[in-house]
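**Student:** Each residue of the sequence shown is one higher than the one before, counting from -4 in the working numbering. Heads up, the beta-carbon is just placed ideally off N, CA and C, and yes, glycines get one too.
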Amino acid sequence: MSELFKYDQEREAASAAKVRALEALLIRKGVIGSDSVDAVLQHFEDVAGPFNGARIVARAWVDPAYKQRLIDDTPKAIAELNVAQGMDGAEGEHMAAVANGPGVHNLIICTLCSCYPWPVLGLPPYWYKDPVFRARGVREPRAVLREFGVPVADATEVKVWDSSAQIRWFVVPERPAGTEGLSEAALAALITPEAMMGVALVPPPALPAH
Ligand code: FE
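Written out as structure tokens, the structure reads:
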């Protein structure tokens, strides 16, 4: 995580307190039930989250034909995997995948607000909504990537994809070296939401201790 876009823990605690107060008020007023918020949280634990994106990317890594279908028609290719329901729900309409490869690195942002493919990546981190990240991601993506710890060679093209209500992008990162023998599930475990946003690479698996 870039130091630049890191928020202190106070902000997290203050937000949580506000949410609890708002929830209590809405329950008291009869607007929502006592289990409404829990149901939403459960959705992002079990149904919509980066575990879906990781499964999709791992399949793309082991099956080049699937990868091509994923790039050509992302929703249709996702539907092949029988992932949890909700792929067409909130923020899941018109998702599109772009693949990193030799000479190409992709970065997703939303210059307008915080459009993000919830079903495959979950909810976006705070810094994704930061006006500085959104502006600098477009103006100087290489500098932003460097600050995230992703050095991009001069010869590598950086493509910045602006998500919107019409289309929400995610990145198929490059498969790291040394993963040839790994199962699809083990590959999926290596894949982070940051890698699928383009602000991180997937590191090679840790070597077993000798
Ligand atoms: Fe947005």
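Which residue or residues does DSSP assign as beta-bridge partners of LEU157?
**Tutor:** Contrary to the premise, residue 157 reads as Asp rather than Leu in this sequence. Paired residues: ILE104.
**Student:** What does the Cβ neighbour count give for ALA16, buried or exposed, with the cut at 16 atoms within 10 Å?
**Tutor:** exposed
**Student:** Use the C-beta contact count for LEU196: other C-beta atoms within 10 angstroms, 16 or more gives buried, fewer gives exposed.
**Tutor:** buried
**Student:** Taking DSSP as the reference, what is the three-state secondary structure of ARG170?
**Tutor:** coil
**Student:** For ARG129, which option in CYS110, PRO114, PRO146, GLY117 has the closest C-alpha, if you only look at C-alpha atoms?
**Tutor:** CYS110
**Student:** Going by C-alpha to C-alpha distance, which of VAL32, VAL153, ASP3, ALA19 sits closest to VAL96?
**Tutor:** Looking at the sequence provided, one finds Gly at residue 96 rather than Val. Minimum Cα distance to GLY96 is reached at VAL153.
**Student:** In whole angstroms, what is the alpha-carbon distance linking ASP149 and ALA12?
**Tutor:** Going from the Cα of ASP149 to the Cα of ALA12 covers about 45 Å.
**Student:** Note the first and the last residue of the continuous alpha helix (DSSP H) segment covering VAL14.
**Tutor:** 4 to 23
**Student:** State the DSSP-derived secondary structure class of GLY96, mapped to helix, strand or coil.
**Tutor:** GLY96 carries a strand assignment under DSSP once its states are collapsed to helix, strand and coil.
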